[in-house]
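Participant:
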Amino acid sequence: MAVVFKRPHALTERQFSYCPGCTHGIIHRLVAETIDELGIEGRTVGVAPVGCSVMCYEFFNCDMVEAAHGRAPAVATGLKRACPDNIVFAYQGDGDLAAIGMCETVHAAARGENITVIFVNNAIYGMTGGQMAPTSLPNQVTQTSPYGRDVKTAGYPIRVCEMLSTLDGVALAQRVTVDSVKNVLIAKKAIRKAFENQLNGRGYSIIEVVSSCPTNWGLEPNEALDWLRSNMLPYYPLGVYKDISEGGASK
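Heads up, the sequence shown is in this note's numbering, so the first residue is 38 and it goes up one at a time.
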């Protein structure tokens, strides 16, 4: 009997520890499928900093390195420069990448470091209890904005792909989501392209995945996906913001 669906080899047998309805598991699988398809597991190194992604080393069969909060791009840069034949990816949340790690993010992108970044944006600090993140929406209620995010005092959410697409070192900046079969397939194609860019030496690639956090949003998993579609996607439109393989096209 032909096998039509199985666990990617690049994923371990360990059961995911993420909350019900969290999309980290889907994203992990897409990364692992890409590693399998490209045949790069033996030379791939992932970097997981603080946040929900801190447990990545439990789930990927490739080598994994832990980084201090926000420092994944710096660690990934060192790994790639020391071992340029390795394939290096950072797996980061919005609090990590867009808050404490924004400096490392911007400068790794500006330098055109030949690394791949998977950026999971769920508009909240997931691991530490649901505080407001740099990507939390205007008027969004969080543990540290109980009356909603007031842009007059807290500023506006940061649109990471739009910002990084202005930098010359960026090869690919694309925003996707995994709320449906169609969008999962689009996300998979984007993630694969980001890894292929690294294989071809094109520079820095970032795939932003708009994701849900049912636990900290206080919603059931299906309600969280509805909230994502109704609230996050209008503020964070999906699409390709820069792709040098398409003549530098950007939105």
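In this text, a Cβ means the ideal position worked out from N, Cα and C, and glycines have one as well.
(1) Measure the CB-CB distance between Val154 and Ala127 and report whether it falls below 7 Å.
(2) Pop quiz: Thr172 and Ile195 are said to be a contact at Cβ under 8 Å. What is the actual Cβ separation, rounded to whole angstroms?
(3) Distance, Cα to Cα, Thr142 vs Ala135?
(4) Would you decide whether Val218 is buried or exposed? Buried here means 16 or more other CB atoms lie within 10 Å of its CB.
(5) On a CA-only basis, which of His46, Met38, Gly58, Ala39 is nearest Asp263? Give me that one, please.
(6) Keeping to the same chain, check which residues put their C-beta closer than 7 Å to that of Arg44; ignore five residues upstream and five downstream.
(7) Evaluate contact between the stretch 78-96 and the stretch 114-129, counting only Cβ atoms and requiring at least three cross-stretch pairs below 8 Å.
(8) Specify, as a first and last residue, the run of the beta strand (DSSP E) that Ala127 falls within.
(9) What does Asn16 pair with, by DSSP beta-bridge criteria?
(10) DSSP three-state label for Leu256, please.
(11) List the whole-angstrom C-beta distance separating Met92 from Ser54, where the pair is believed to meet the contact cut-off of C-beta under 8 Å.
Facilitator: Considering the structure as presented:
(1) yes
(2) 6 Å
(3) Looking at the two C-alpha atoms, the distance is approximately 8 Å.
(4) Exposed: under 16 other Cβ atoms inside 10 Å.
(5) Gly58
(6) none
(7) yes
(8) Looking at the DSSP string, the run of the beta strand (DSSP E) that includes Ala127 is 124-130.
(9) The structure shown does not extend to residue 16, since the chain is modelled only from 38 to 288, so the question has no answer here.
(10) coil
(11) About 6 Å separates the two Cβ atoms, so the contact holds.
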